[in-house]
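Quick notes on the structure that follows.
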Amino acid sequence: MIQIKNLTKLYESKEGNVLALKDINLEVKKGDIYGIMGLSGAGKSTLIRCINLLETPTAGEVWVDGVELTGLSHDELRQTRKNMGMIFQNYNLLTSRTVERNVGYPLELHGLSKTEIKDRVEHLLELVGLEDKKKNYPAQLSGGQRQRVAIARALATNPKILLSDEATSALDPITSRSILNLLKEINERLDITIVLITHEMEVIEQICNKVAVIKEGEIVERGNVNEVFTSPQHSYTKLLLGHKSHEQKQPIPLNLFRNVKAGV
Numbered sequence: 004m005i006q007i008k009n010l011t012k013l014y015e016s017k018e019g020n021v022l023a024l025k026d027i028n029l030e031v032k033k034g035d036i037y038g039i040m041g042l043s044g045a046g047k048s049t050l051i052r053c054i055n056l057l058e059t060p061t062a063g064e065v066w067v068d069g070v071e072l073t074g075l076s077h078d079e080l081r082q083t084r085k086n087m088g089m090i091f092q093n094y095n096l097l098t099s100r101t102v103e104r105n106v107g108y109p110l111e112l113h114g115l116s117k118t119e120i121k122d123r124v125e126h127l128l129e130l131v132g133l134e135d136k137k138k139n140y141p142a143q144l145s146g147g148q149r150q151r152v153a154i155a156r157a158l159a160t161n162p163k164i165l166l167s168d169e170a171t172s173a174l175d176p177i178t179s180r181s182i183l184n185l186l187k188e189i190n191e192r193l194d195i196t197i198v199l200i201t202h203e204m205e206v207i208e209q210i211c212n213k214v215a216v217i218k219e220g221e222i223v224e225r226g227n228v229n230e231v232f233t234s235p236q237h238s239y240t241k242l243l244l245g246h247k248s249h250e251q252k253q254p255i256p257l258n259l260f261r262n263v264k265a266g267v
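Residue numbering for the sequence shown follows our numbering, beginning at 4 and increasing consecutively.
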């Protein structure tokens with residue numbers, strides 16, 4: 004589904020060059036919920052933005068569903084991005100638009116009819132539990148509700164892949180759990196592959212099946228979540244996990260929040 008080959012990202016400036024990513028190799032298979040974990044400044048956001056070429060790699064290849072992205076024209080890349088939705092920590096909603104018009108915005112850009120947009124938006128708002136908020140504006144919503152709107156918008160074009168950039172880090176624990184539960188259900192019901200970045204190991208533990216640990220622009224460890232979390236090999240991974248205490252910790256069951264409404 005996603006293959007990253009020898010990817011390097013160098014930022015150049017008058018103050019000096021910054022090597023944000025160093026020879027990254029990563030494979031995400033169809034149906035994965037793949038977590039990328041690291042501290043602030045490790046290169047997580049740069050990496051996920053290179054997947055859909057919001058950031059252009061300095062070197063290397065990005066393959067998505069059999070297509071190498073770095074060689075595409077602007078129009079070809081625009082069409083390919085329809086298969087990739089993205090959600091952000093700060094939601095990136097348009098404050099002057101209602102919930103339904105935020106969700107429908109990508110469909111407007113792709114030229115769908117008003118009837119097609121209306122039907123699709125209604126379906127998506129039902130999926131995220133916000134049917135009764137469609138006429139509200141972002142300022143009238145809680146943080147969790149805004150993130151649900153952002154998720155619905157990211158799903159508007161029927162993507163095969165959902166990219167999540169610290170989507171729960173600004174939310175309280177209960178709201179965060181409800182959003183993670185929603186992402187898990189989207190993965191299972193819609194067969195959407197998810198790549199998420201986070202500095203919180205609890206996020207990885209609760210919904211991911213694969214994890215890569217990134218430090219100073221390099222992936223230092225990767226594998227199945229259970230294997231990496233129970234038997235980390237790299238000292239940096241052990242530091243992130245606080246391994247001795249982590250072994251005693253039991254994950255919160257996903258179904259604990261199954262009945263949490265979209266009011267959060």
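Quick reminder that beta carbons are idealized off the backbone N, C-alpha and C, glycines included. Only a predicted model underlies this, so the values are computations on that prediction, with no experimental measurement involved.
| Check | Outcome |
| --- | --- |
| Beta strand (DSSP E) segments (min. 3 residues) lying fully within the stretch 17-64 | 21-31, 36-40 |
| Same chain, Cβ closer than 6 Å to G146, five either side skipped, listed in chain order | L174 |
| Backbone secondary structure at I195 - three-state DSSP | coil |
| DSSP-derived helix/strand/coil call for Q148 | helix |
| One or two residues paired with Q6 in a DSSP bridge | E30, W66 |
| Collapsed DSSP secondary structure at V216 in the structure displayed | strand |
| Same chain, Cβ closer than 7 Å to V131, neighbours up to 5 away in sequence not counted | R151, I154, A155, L185, A265 |
| Buried or exposed by the 16-neighbour rule on C-beta atoms within 10 Å, applied to S172 | exposed |
| Nearest residue (CA-CA) to I7, options L13, L29, L22 | L29 |
| One or two residues paired with D168 in a DSSP bridge | F91, I200 |
| Residue(s) in a DSSP beta bridge with I222 | I217 |
| Local Cβ density within 10 Å of E129, reported as buried at 16 or more and exposed below that | exposed |
| Selected residue, minimal CA-CA separation from L80, among Q92, V67, F91, I90 | V67 |
| Close-in-space but distant-in-sequence residues of the same chain around L199 (CB under 6 Å, 5 per side omitted) | G38, S167 |
| Spatial distance of Q148 from N105 (CA atoms) | 13 Å |
| Option in L193, I210, N161, K163 with minimal Cα separation from S181 | I210 |
| Buried versus exposed call for L10 [16 or more other C-beta atoms within 10 Å across all chains shown] | buried |
| Whole-angstrom distance between K213 and L13, CA atom to CA atom | 27 Å |
| Separation of L22 from G63, as counted between CA atoms | 14 Å |
| Length of the line joining the Cα atoms of G3 and F91 | Only positions 4 to 267 of the chain appear in this structure, which leaves residue 3 out of reach. |
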